[in-house]
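These notes concern the structure reproduced below.
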Amino acid sequence: MAIRVQNQSTKPIQLQRGVRQGDVISPKLFTAALEDVFKLHDWKGYGININGEYIIHLRFADDIVLMAESLEDLSTMLSDLNSASQRLGLKMNMDKTKIMFNVHVTPMPVVVGSTKLEVFYEYVYLGQIVRLGKSNFERSIDGFNSAGQRSGNYNASSRQVYLKT
Numbered sequence: 150m151a152i153r154v155q156n157q158s159t160k161p162i163q164l165q166r167g168v169r170q171g172d173v174i175s176p177k178l179f180t181a182a183l184e185d186v187f188k189l190h191d192w193k194g195y196g197i198n199i200n201g202e203y204i205i206h207l208r209f210a211d212d213i214v215l216m217a218e219s220l221e222d223l224s225t226m227l228s229d230l231n232s233a234s235q236r237l238g239l240k241m242n243m244d245k246t247k248i249m250f251n252v253h254v255t256p257m258p259v260v261v262g263s264t265k266l267e268v269f270y271e272y273v274y275l276g277q278i279v280r281l282g283k284s285n286f287e288r289s290i291d292g293f294n295s296a297g298q299r300s301g302n303y304n305a306s307s308r309q310v311y312l313k314t
């Protein structure tokens with residue numbers, strides 16, 4: 150590791166240990182390291198094309214969502230991310246790494262390292278439930294309508310976000 154100021158770098162610094170979780174500088178160092186991980190990749194053409202712009206990922210602290218138009222692309226992106234993370238001393242938690250896809254994607258196993266990733270049909274991202282699929286959307290709206298209208302009240306803090314495909 151070296152420190153770069155403008156266009157000049159220091160001599161390499163040998164890291165011998167990290168900071169403890171909960172240390173006030175820990176989130177800033179993690180964010181800086183993760184930013185470097187994402188800068189290492191040329192994922193042009195990957196992601197989801199929205200009006201000519203490709204959305205590749207969403208990040209907030211250590212919550213990351215990668216997006217791709219195929220499971221092959223997603224597999225490549227996950228393998229790249231895993232390799233780059235390991236080079237910087239970070240490790241992806243494969244127990245928390247899941248995949249989700251809609252009906253327009255041909256199902257196939259996605260393996261990162263030696264771990265086959267689980268398929269989920271909904272997940273929580275930043276406290277909001279994300280679901281794909283028309284039936285989930287309609288079932289949730291029906292549930293909201295019947296429960297909300299019966300009770301006569303609606304708690305905004307229990308609102309859920311749905312993606313309709």
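In the working numbering, the protein residues as written are 150 to 314. We treat Cβ as the ideally placed atom computed from N, Cα and C, and that holds for glycine. This structure is a prediction, so every number in the text was calculated from the model and none was measured.
Identity of the residue in ILE199, ASP222 and VAL214 nearest ASP191 by Cα: ASP222
Endpoints, beta strand (DSSP E) assigned at ARG208: 206-209
Identified DSSP bridge partners for TYR272: VAL279
Three-state secondary structure assigned by DSSP to LYS265: strand
Cβ contact (3+ pairs, closer than 8 Å) linking the region 253-260 and the region 188-202: no
Coarse secondary structure for ARG153, derived from DSSP in three states: strand
Limits of the unbroken alpha helix (DSSP H) element including ASP191: Unbroken run through ASP191: none, as it is neither H nor E.
Coarse secondary structure for ASN198, derived from DSSP in three states: strand
Backbone secondary structure at LYS177 - three-state DSSP: helix
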